[in-house]
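S.K.: In this note's numbering, the protein residues as written are 18 to 424.
A single structure is presented below for examination.
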Ligand code: PL4
């Protein structure tokens, strides 16, 4: 008799982003003709830059010739791409062996899957609010009890608030797996070296492991802020890092990412090399590698020309963030983030709940955003606006806020 994994029953009925899409579609059905301006899901909108497009099309054309055709590749990714990524880190003073870099089809899937190589009784700490995948993957794996008003039983929430500048204090008890996202989704806050050092020291002292999601690292413009956790001394023994081509190269639909598992990483019950070996085994068993065509695109994105062109696109999205930020400030709304991240995090006016503000913004301004409470209990009373969008739509959305938002 087959039985289901009942941990799924503990999850909220709908995943956040499809729920936003569902409510937006319902609004559009009720208001035919209304132009809805989407600053909700963090999805890129600008076309892929020419240098990267050439890499992708070269990848396609190579498949048409016998001498350059390739089938299954290594599940960890092709060596030239792993080497190019190692070279990128070397520029920031981080020394990695290409074999420590695992190319994949997404930072989402990697950040959901990585917890699976650790013991089920590990205690998990998450920033609150956080990208929902971290919590949900641990719920599904059976590391939590049921959800209540203040989140899931058994999970250690590390509140990120106005008071602590949206970067948490160290956990007040011993935890084993720690999720940190910087630049942060959804708050847009970027951890400083000093802040990360405290977590790295904590993790080394307690033989804990940090999962560091740096999917938005390319949006950091301040040269003093770390783009990788490995810029922090001691991180190589306690941190796994995820990053992605999604937001940098417009690959949200194309799909390409990477995860770094240093060989020096250890746990309470394992020596250096074991976690690296486990992730290799996991990927070899469950994954057949990222698309060979797409990896050619990734290589092109890391070329000199590719980087020049993708950097310009990142700068464009950051300008969008400034436009949104300035518009909100002109309305007297308190905002955070935006400077080194593609998200603006705003405090809902008059203490309106996050979902009520979603309905208000959609109803009054026809603008879609993301309710802060969808990212965790500490997100209640906040709201996220995404800077990914065509300039014209971003400007229209800001104008509509100015003209129509009743506060
Ligand atoms: C909507 C912190 C967006 N359907 O594209 P990937 O898999 O390499 O990276 C996804 C990802 C990883 N890490 C962080 C992220 O914020 C994201 C993407 N998040 C958002 O609006 O928060 C897209 C969400 C997508 C999803 O469910 O992930």
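Beta carbons: idealized from backbone N, C-alpha and C, even for Gly.
Give, in chain order, every unbroken run of the beta strand (DSSP E) that is at least 3 residues long and sits entirely within the segment 143-196.
M.R.: Runs of the beta strand (DSSP E) inside the segment 143-196: 173-176.
S.K.: Consider the C-beta atom of residue 177 and the heavy atoms of ligand 1; say whether any pair is separated by less than 7 angstroms.
M.R.: No, Cβ of residue 177 sits at least 7 angstroms from all heavy atoms of ligand 1.
S.K.: Kindly identify the DSSP beta-bridge partner or partners of residue 119.
M.R.: The partner list for residue 119 (beta bridge, DSSP) reads 276.
S.K.: With a cut-off of 8 angstroms on the beta carbons, I'd call residue 246 and residue 229 a contact; round off their distance for me.
M.R.: Confirmed, Cβ separation roughly 4 angstroms.
S.K.: For residue 101, collect the residues of the same chain with a Cβ closer than 7 angstroms to its Cβ; drop the 5 residues on either side in sequence, then sort them by chain order.
M.R.: Cβ neighbours of residue 101 beyond the five flanking positions: 316, 319.
S.K.: What distance in whole Å lies between the Cβ atoms of residue 175 and residue 141, which are believed to be in contact at a cut-off of 8 angstroms?
M.R.: Actually they are not in contact, since the Cβ atoms of residue 141 and residue 175 sit about 11 angstroms apart, beyond 8 angstroms.
S.K.: Can you confirm whether the segment 65-78 touches the segment 276-289 when touching is taken to mean that 3 or more C-beta pairs between the two stretches lie within less than 8 angstroms?
M.R.: Not touching, per the Cβ criterion.
S.K.: Let me check you understand the geometry: is the CB of residue 58 closer than 7 angstroms to at least one non-hydrogen atom of ligand 1?
M.R.: Checking the Cβ of residue 58 against ligand 1 gives yes.
S.K.: By DSSP's criteria, residue 258 is part of a beta bridge. Which residues make up the other side?
M.R.: Looking at the DSSP assignment, residue 258 forms a beta bridge with 229, 277.
S.K.: Is there at least one non-hydrogen atom of ligand 1 closer than 7 angstroms to the beta-carbon of residue 145?
M.R.: No, Cβ of residue 145 sits at least 7 angstroms from all heavy atoms of ligand 1.
S.K.: Please report the Cβ distance between residue 200 and residue 158, rounded to the nearest whole angstrom; I am assuming they are in contact, meaning their Cβ atoms lie under 8 angstroms.
M.R.: Rounded, the Cβ-Cβ distance is 27 angstroms, inconsistent with contact.
S.K.: Is residue 406 near residue 337, with beta carbons less than 8 angstroms apart?
M.R.: Against a cut-off of 8 angstroms, the Cβ pair of residue 337 and residue 406 comes out as a contact.
S.K.: Exposed or buried, what is residue 313 when buried is set at 16 or more other beta-carbons lying within 10 Å of its beta-carbon?
M.R.: Burial call: buried.
S.K.: Identify the continuous alpha helix (DSSP H) that holds residue 314 and give its terminal residues.
M.R.: 309-318 is the extent of the alpha helix (DSSP H) around residue 314.
S.K.: Are residue 238 and residue 357 touching if we call contact CB-CB under 8 angstroms?
M.R.: Yes, they are a contact pair.
S.K.: So, with DSSP's three-state summary, where would you put residue 96?
M.R.: Correct three-state label for residue 96: helix.
S.K.: From the DSSP output, read off the bridge partner residues of residue 54.
M.R.: For residue 54, which the question treats as bridged, DSSP gives the partners 384.
S.K.: Quick one: what does DSSP say residue 339 is sitting in, helix, strand or coil?
M.R.: The answer is helix: DSSP assigns residue 339 an H, G or I state.
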